[in-house]
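Novice:
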Ligand code: KG4
Ligand code: ZN
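Numbering (my numbering), first residue to last: 12 to 349.
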């Protein structure tokens, strides 16, 4: 049984277009989880506009942090540590969160930790499951707007990167195909919804590099091009949006599931975890559960997309292992996990 040291951590997340702050106890219990989303602001550009994102973070970050502290009913004296996403992400966005976190750490004389955003997604699972139930080794598929990565996790802070995307991230493919189909940004949830009214076998789109010689890597650019080609067969306004969405989603899910199942079998893991925005996808969740005979776990929708509670959860394990970061720590837009 894992013995968990008591911690109370305030975390801040501003790596992309969500301004978020959360207070988490013992790496597990969410006391507050505030997320100010900029989705509406960016929807007119069909994607995140980096300078607009960082300016908006500056505007709202203090209110978001204040609200997280108020809702947690803790004072700064009750906190053990202040954590923040240090990368990967948009440099101007990361700078806002990191500097606010450093300022708070100095003013309140608290330890400071700069956390990897991908590791945050991985630890979103620890916010939902009894800590004692999670036994290593675990396979985690992180599928978000910026990442499609398969990690074998043998213990806390013990990652082996098994594979990743060779081109577009899964969420990026959903967003680009959403745009092709005239759906609102972000494309992922819109395709998920449209697909429920469509036939996934209407179009046979390519299942990217399913062959074993590609190992555990993914590719989505061929699939996106195949959808683009198919849309050209229809005149404006006559696109069979639901069928195209369902068929695209089926191909993307098949690719994700086949590589994950292969890796799970090869490494005899105890469970498969899904994390990141695309792990909210209903077809991905269902197919993964139907295909694997070991537990498949995923966070509730609010913890799939970017949030600060997951950053606090990851920070907890580093903190209890004695890690402390210097205030000279810089943002790392291209930070990798391994
Ligand atoms: O994890 P996240 O909030 O941000 C990054 O770290 O990138 O993921 C955002 C991505 C977007 O590409 C969005 O379209 C996708 O997650 N997404 C989904 C769904 N909900 C969000 N993709 C497929 N199905 C969904 N239900
Ligand atoms: Zn993310």
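Just so you know, even glycine gets a beta-carbon here, dropped at the ideal spot from N, CA and C. Please read all numbers here as calculations on a predicted model, not as lab measurements.
Residue 126 and residue 274 look like a contact to me (Cβ under 8 Å); what is the Cβ gap, rounded to whole Å?
Specialist: Within the chain shown, numbered from 1, the residue matching residue 126 stands at position 115. Within the chain shown, numbered from 1, the residue matching residue 274 stands at position 263. In fact, because the Cβ distance is near 25 Å, the residues do not count as touching under 8 Å.
Novice: Is it the case that the CB of residue 17 approaches a heavy atom of the ligand KG4 more closely than 7 Å?
Specialist: As a working mapping, residue 17 is identified with position 6 in the chain shown. Not so, every heavy atom of the ligand KG4 lies at least 7 Å from the Cβ.
Novice: Since residue 117 contacts residue 76 with CB under 8 Å, what's their CB separation in whole angstroms?
Specialist: For this step, residue 117 is matched to residue 106 along the chain shown. For this step, residue 76 is matched to residue 65 along the chain shown. At roughly 15 Å, the Cβ-Cβ gap does not stay under 8 Å, so residue 117 and residue 76 are not in contact.
Novice: Per DSSP, which residues does residue 31 bridge with? Please list them.
Specialist: Here residue 31 refers to the residue found at position 20 when the chain shown is read from its first residue. Residue 31 is bridged to 24, 46.
Novice: Mapping DSSP to helix, strand and coil, what is residue 225?
Specialist: Here residue 225 refers to the residue found at position 214 of the chain shown. DSSP places residue 225 in helix when its eight states are reduced to three.
Novice: Where do the ends of the alpha helix (DSSP H) carrying residue 166 lie?
Specialist: Counting from one through the chain shown, the residue named residue 166 turns up at place 155. Counting along the chain, residue 166 falls outside any alpha helix (DSSP H), though it belongs to the beta strand (DSSP E) covering 159-166.
Novice: For residue 276 and residue 314, I'd like the C-alpha separation in whole angstroms.
Specialist: As a first step, residue 276 is located in the chain shown; it is residue number 265 there, counting from the start. As a first step, residue 314 is located in the chain shown; it is residue number 303 there, counting from the start. Computed Cα separation, rounded: 27 Å.
Novice: Relative to the alpha-carbon of residue 30, which residue among 241, 148, 105 has its alpha-carbon at the smallest distance?
Specialist: Here residue 30 corresponds to residue number 19 of the chain shown, with the count starting at 1. Among 241, 148, 105, the Cα nearest to that of residue 30 is on 105.
Novice: With a Cβ-Cβ cutoff of 8 Å, do residue 157 and residue 228 count as a contact?
Specialist: To locate residue 157, count along the chain shown from 1; it is residue 146. To locate residue 228, count along the chain shown from 1; it is residue 217. No, they are not a contact pair.
Novice: Tell me, please, which residues DSSP counts as bridged to residue 284.
Specialist: Counted from its first residue, the chain shown places residue 284 at position 273. Note: residue 284 sits in a beta bridge opposite 151, 308.
Novice: Only counting the same chain, and skipping five residues up and downstream in sequence, which positions put a Cβ closer than 6 Å to that of residue 135?
Specialist: Indexing the chain shown from 1 puts residue 135 at position 124. For residue 135, where only same-chain residues beyond five positions count, the Cβ hits under 6 Å are 286, 310, 314, 321.
Novice: What does the Cβ neighbour count give for residue 297, buried or exposed, with the cut at 16 atoms within 10 Å?
Specialist: Translated into the one-based positions of the chain shown, residue 297 becomes position 286. Under this definition residue 297 is an exposed residue.
Novice: Could you give the C-beta distance for residue 214 and residue 186, rounded to a whole number, given that I count them as a contact under 8 Å?
Specialist: One-based indexing of the chain shown puts residue 214 at position 203. One-based indexing of the chain shown puts residue 186 at position 175. Going by Cβ atoms, the distance from residue 214 to residue 186 rounds to 19 Å, so no, they are not a contact pair.
Novice: When the Cα of residue 123 is compared with those of 348, 23, 166, which residue comes out closest?
Specialist: Reading the chain shown from its first residue, position 112 is the one you call residue 123. Nearest option by C-alpha distance: 23.
Novice: DSSP three-state call for residue 260: helix, strand or coil?
Specialist: Sequence index remark: in the chain shown, residue 260 carries index 249 (1-based). Residue 260: helix per DSSP, three-state reduction.
Novice: In chain order, what residues of the same chain have a beta carbon less than 6 Å from the beta carbon of residue 202, not counting five sequence neighbours either side?
Specialist: For the purposes of this step, residue 202 is identified with residue 191 of the chain shown, where counting begins at 1. Same-chain partners within the cutoff: 185, 189, 256, 260.
Novice: Is the Cβ-Cβ distance between residue 281 and residue 149 less than 8 Å?
Specialist: The count along the chain shown starts at 1 and reaches residue 281 at position 270. The count along the chain shown starts at 1 and reaches residue 149 at position 138. Yes.
Novice: Pull the bridge partners of residue 41 from the DSSP assignment, please.
Specialist: To locate residue 41, count along the chain shown from 1; it is residue 30. Answer is 35.
Novice: On a Cα-Cα basis, can you pick out the residue from 248, 66, 233, 47 that is closest to residue 194?
Specialist: Counted from its first residue, the chain shown places residue 194 at position 183. Of 248, 66, 233, 47, the residue nearest in Cα terms is 248.
Novice: With distances taken Cα to Cα, identify the nearest neighbour of residue 258 among 299, 302, 207, 289.
Specialist: Reading the chain shown from its first residue, position 247 is the one you call residue 258. Considering only alpha carbons, the answer is 207.
Novice: Should residue 342 be counted as a contact of the ligand KG4 given a C-beta to heavy atom distance under 7 Å?
Specialist: Working through the chain shown from its first residue, we reach residue 342 at position 331. Relative to the non-hydrogen atoms of the ligand KG4, the Cβ of residue 342 never comes closer than 7 Å to any of them.
Novice: Tell me whether residue 336 is buried or exposed, calling it buried when 16 or more other Cβ atoms sit within 10 Å of its Cβ.
Specialist: Against the chain shown, residue 336 aligns to sequence position 325. Per the 10 Å Cβ criterion, buried.
Novice: Rounded to a whole number of angstroms, what is the C-alpha to C-alpha distance between residue 164 and residue 170?
Specialist: Your numbering for residue 164 matches position 153 in the chain shown. Your numbering for residue 170 matches position 159 in the chain shown. Whole-angstrom Cα-Cα distance: 5 Å.
Novice: Helix, strand or coil for residue 146, going by three-state DSSP, please let me know.
Specialist: One-based indexing of the chain shown puts residue 146 at position 135. The answer is coil: DSSP assigns residue 146 none of H, G, I, E or B.
Novice: How about residue 327: is its Cβ closer than 7 Å to a heavy atom in the ligand ZN?
Specialist: If you number the chain shown from 1, residue 327 lands on position 316. No - the ligand ZN has no heavy atom lying nearer than 7 Å to the Cβ of residue 327.
Novice: For residue 334, which residues from the same chain have a beta carbon less than 6 Å from its beta carbon, with the 5 sequence-adjacent residues on both sides left out?
Specialist: Reading the chain shown from its first residue, position 323 is the one you call residue 334. Nothing listed; no residue qualifies.
Novice: Work out the CA separation of residue 47 and residue 306 for me, nearest whole Å.
Specialist: The residue given as residue 306 occupies position 295 in the chain shown. The residue given as residue 47 occupies position 36 in the chain shown. Each residue's Cα considered, the two are about 32 Å apart.
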